[in-house]
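*Asks:* Anchor point for the sequence shown: position 10 equals 15 in our numbering, and the numbering is continuous, going up by one each time. Heads up, the beta-carbon is just placed ideally off N, CA and C, and yes, glycines get one too.
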Amino acid sequence: MKQWTFGIITSGSAFVSQMIDSIESQGIPSDCYEVIVVGGPPISRKNTKHIPFDESQKTNWITKKKMIVCEQAKFENVVLTHDYLI
Numbered sequence: 006m007k008q009w010t011f012g013i014i015t016s017g018s019a020f021v022s023q024m025i026d027s028i029e030s031q032g033i034p035s036d037c038y039e040v041i042v043v044g045g046p047p048i049s050r051k052n053t054k055h056i057p058f059d060e061s062q063k064t065n066w067i068t069k070k071k072m073i074v075c076e077q078a079k080f081e082n083v084v085l086t087h088d089y090l091i
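This is the structure:
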């Protein structure tokens with residue numbers, strides 16, 4: 006089975022938890038995926054790592070957040086998504 010890193014780019018959307026719920030509902034074995042959330046408030050979920058992001062550097066610096074996900078990804082298959090897609 007392929008292994009996946011799901012990177013969620015946010016600045017604090019209420020949809021992040023729903024997105025993680027959606028990923029978890031796929032039934033992917035826990036050793037085959039991780040979720041990396043860059044930005045927004047801290048979040049504590051199974052297989053999820055939150056990386057704080059200082060929005061004062063540049064507001065909505067999406068490209069930088071995507072690079073952080075790719076640098077931190079444990080797996081070679083990476084899904085990058087914004088915080089408003091479920």
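#1: Rounded to the nearest angstrom, what separates A19 and P46 at their Cα positions?
#2: Determine the burial state of F80: buried for a count of at least 16 other Cβ atoms within 10 Å of its Cβ, exposed for fewer.
#3: Could you tell me which residues DSSP puts in a beta bridge with E39?
#4: Based on Cα-Cα distance, which residue from V21, G17, W9 and S16 lies nearest to L90?
#5: Pull up the CB-CB distance for V42 and I28, whole angstroms please, since I reckon it's below 8 Å.
*Replies:* Working from what's here:
#1: Translated into positions along the sequence shown, residue 19 becomes position 14. Translated into positions along the sequence shown, residue 46 becomes position 41. So the alpha carbons of these two residues sit roughly 10 Å apart.
#2: Position 75 of the sequence shown, counted from the start, is the residue given in the question as residue 80. Looking at its Cβ environment, which holds fewer than 16 other Cβ atoms inside 10 Å, F80 is exposed.
#3: On the sequence shown, position 34 is the one that residue 39 refers to. In the DSSP output, where bridge partners are listed per residue, E39 has T10.
#4: The count along the sequence shown starts at 1 and reaches residue 90 at position 85. It is V21.
#5: As a first step, residue 42 is located in the sequence shown; it is residue number 37 there, counting from the start. As a first step, residue 28 is located in the sequence shown; it is residue number 23 there, counting from the start. Not quite, the Cβ-Cβ distance comes to about 11 Å (not below 8 Å), so this is no contact.
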